[in-house]
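Peer 1:
Residue numbers (UniProt numbering): 1 to 530.
#1: Where does residue 73 land, buried or exposed, given buried means 16+ other C-beta within 10 angstroms?
#2: Apply the 10 Å Cβ neighbour rule to residue 379 and answer buried if 16 or more other Cβ atoms are within range, or exposed otherwise.
#3: Would residue 342 be called buried (16 or more neighbouring beta carbons within 10 Å of its own) or exposed?
#4: Let's test the definition: count the other Cβ atoms within 10 Å of the Cβ of residue 339 and tell me whether it reaches 16, buried, or not, exposed.
#5: Report, in whole angstroms, the separation of the C-beta atoms of residue 239 and residue 177, which I expect to be a contact under 8 Å.
#6: Just the C-alpha distance for residue 195 and residue 225, rounded to the nearest angstrom, thanks.
#7: Evaluate the contact criterion for the region 174-191 versus the region 408-416: three or more CB pairs, one atom per stretch, below 8 Å.
#8: Could you give the residue range of the alpha helix (DSSP H) that holds residue 137?
#9: Here's the rule: buried if 16 or more other CB atoms are within 10 angstroms of the residue's CB, otherwise exposed. What is residue 440?
#10: Does the separation of the CB atoms of residue 234 and residue 294 fall below 8 Å?
#11: Exposed or buried, what is residue 274 when buried is set at 16 or more other beta-carbons lying within 10 Å of its beta-carbon?
#12: Could you work out which residue in 269, 319 and 201 is closest to residue 254 when comparing CA atoms only?
#13: Ordered along the chain, which non-local residues of its own chain (more than five positions away) have a Cβ less than 7 Å from that of residue 265?
#14: Straight-line CA distance for residue 447 to residue 359?
#15: Measure the Cβ-Cβ separation of residue 256 and residue 323 and say whether it is below 8 Å.
#16: Check this for me: beta carbons of residue 428 and residue 372, under 8 Å apart or not?
#17: Where residue 299 and residue 305 are concerned, what is the direct C-alpha to C-alpha distance, given to the nearest angstrom?
#18: Can you tell me whether residue 448 is helix, strand or coil according to DSSP?
#19: Assuming the contact rule is C-beta atoms closer than 8 Å, residue 390 and residue 284 should be a hit. Round their C-beta distance to whole Å, please.
#20: Hey, is residue 312's beta-carbon within less than 8 Å of any beta-carbon in chain C?
#21: Contact defined as beta carbons within less than 8 Å: I believe residue 95 pairs with residue 387. What is the distance between those atoms, to the nearest angstrom?
#22: Starting from residue 176, follow the alpha helix (DSSP H) in both directions and report where the run begins and ends.
#23: How many angstroms separate the CA atom of residue 241 from the CA atom of residue 113?
#24: Who are the near neighbours of residue 143 in its chain, counting only those whose CB is closer than 7 Å to its CB and skipping five residues on each side?
#25: Mind the definition here: the region 77-93 touches the region 347-356 only if three or more C-beta pairs lie below 8 Å; say whether that holds.
Structure (structure tokens):
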């Protein structure tokens, strides 16, 4: 309205009305805010009450939680099953290691006596010596020649040369030595096998080699260099033990835990895990021998004082404990991440036991120590050579009483070797029987399927066709031991189809599935060597 157009009384009443209406609007707004706050309080209380009282039922996803519980149980079983395998593998390595000190010298002496008495007895067969005797004589000559070469290596000078280096440089050197040891082991057994086969190959075959003498010199050079490598490794470990602040020893032990990072987060199959288990067995046994060498050198420096041994004992226990802990954690998480059962270690034991039992058969085509070397990468000749060198330089033999003690010690080692072999053979037969692998013991060796010209023999045309189509020879398999093959056929088919683009036709270029009995330490499984 226009001011002044209405009487003053009307104007006053209108202003009063608008003022009351404004107050009522503010009151209603206040009531609405209070109601909303009250409703909010009720929703918050109801939400909190629901959170405190709501429930759920795990049985609605029973399979998932059962699987998780089984994984926990598998991780708890891993230490026990792994240590069973490690213990069995340790005694296998010990048996092959003691063979070099005990039975090998006796077999060499018997072979040489046969050569000396051959003119008197006459040539009864086509061979002067049996193939096994030829291999034993070659091993004996290699050990004698390499020992004479090792006598010119000054261990004390090597120790002081390594001790003068810095801690970080010694750490790098020790890692390089570990890598070099694996490379030497992978190529060294091939050199020795080539020497044995060249020396015992039937003469009627066409010559396809450079001769026995070049192979022999290559084997001597390999064993000598590998022994020097292990000596440097033992010397570095000895320097770590004798360091004042133990910093180098701590760094070297921490290197074991780095191994966990490089292993547990990668895909593993049964064959890969078998390779890693063999590597861990060989590594643990080698570390025990290195610790023995370190203790012998330190005890010699302190005039064989028993009190000094208890000074070294805590460090020795710490190194062994860290090695065991790393192996347990590594295998536990590998089996967890790759969904591998703990029962697989029983299969691994059966495979190692099969090697021992098959080497005792009449149709055996390799010595047991060589079988261990191929399976685990453990070559006992360089390590035995180094131990002989350290023992002969640390222990002085003077007088008839000392020679008598040495003779008694040698008889004790022979006794230990025989008892260990008997127990291992009985245990291995039990493992093979439990795994239902007895029928494989009567399978012919791989060389029995080829004639003198290298052409596969077949009884009918179908067998010839099957052998021609197969890309590589495989061991016969039966229904009782199908568990020894990695069951991942579908995954491999998908990979092959993705790479080649061939689906539905028969032109699939794929490698045959490898049985655990065909997997050695340096077989490529899944493009990985551990």
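Note that beta-carbon positions come from the ideal geometry of N, C-alpha and C, so glycine has one too.
Peer 2: In this structure, then:
#1: Label assigned to residue 73: exposed.
#2: The residue in question, residue 379, is buried, as its Cβ has 16 or more Cβ neighbours within 10 Å.
#3: Counting every other CB atom within 10 Å of its CB across the protein chains shown gives residue 342 a total of 16 or more, marking it as buried.
#4: The residue is exposed, with fewer than 16 neighbouring Cβ atoms inside 10 Å.
#5: Actually they do not touch by this definition, with Cβ atoms about 13 Å apart.
#6: Taking the straight line joining both Cα atoms gives about 17 Å.
#7: When Cβ pairs closer than 8 Å are counted between the two stretches, the region 174-191 is seen not to touch the region 408-416, the count staying below three.
#8: Run containing residue 137: 131-150, per the alpha helix (DSSP H) assignment.
#9: Result: buried.
#10: In this structure, residue 294 lies closer than 8 Å to residue 234 by Cβ.
#11: Residue 274 should be labelled buried.
#12: The shortest Cα separation from residue 254 among 269, 319 and 201 belongs to 319.
#13: Within the same chain, residue 265 has no close Cβ partners at all.
#14: Caution applies to residue 447, whose pLDDT of 49 falls short of 50 and renders its modelled position unreliable; the value that the coordinates give is listed next. Taking the straight line from one Cα to the other gives about 15 Å.
#15: Residue 256 places its beta carbon less than 8 Å from that of residue 323.
#16: One thing to note: residue 428 has its Cβ no nearer than 8 Å to the Cβ of residue 372.
#17: Cα to Cα, residue 299 sits roughly 7 Å from residue 305.
#18: Confidence in residue 448 is poor, its pLDDT being 44 and thus under 50, which makes the residue's placement too unreliable to answer from.
#19: About 20 Å separates the CB atoms of residue 390 and residue 284; that is not less than 8 Å, and the two are not in contact.
#20: Protein chain content of the structure displayed is limited to a single chain, and chain C is not contained in it.
#21: So it is not a contact: roughly 16 Å between Cβ atoms.
#22: Where residue 176 is concerned, the enclosing alpha helix (DSSP H) stretches over 167-200.
#23: Taking the straight line from one Cα to the other gives about 46 Å.
#24: Excluding its 5 nearest sequence neighbours in each direction, residue 143 has C-beta neighbours in its own chain below 7 Å: 381 and 385, listed in chain order.
#25: The region 77-93 vs the region 347-356: in contact.
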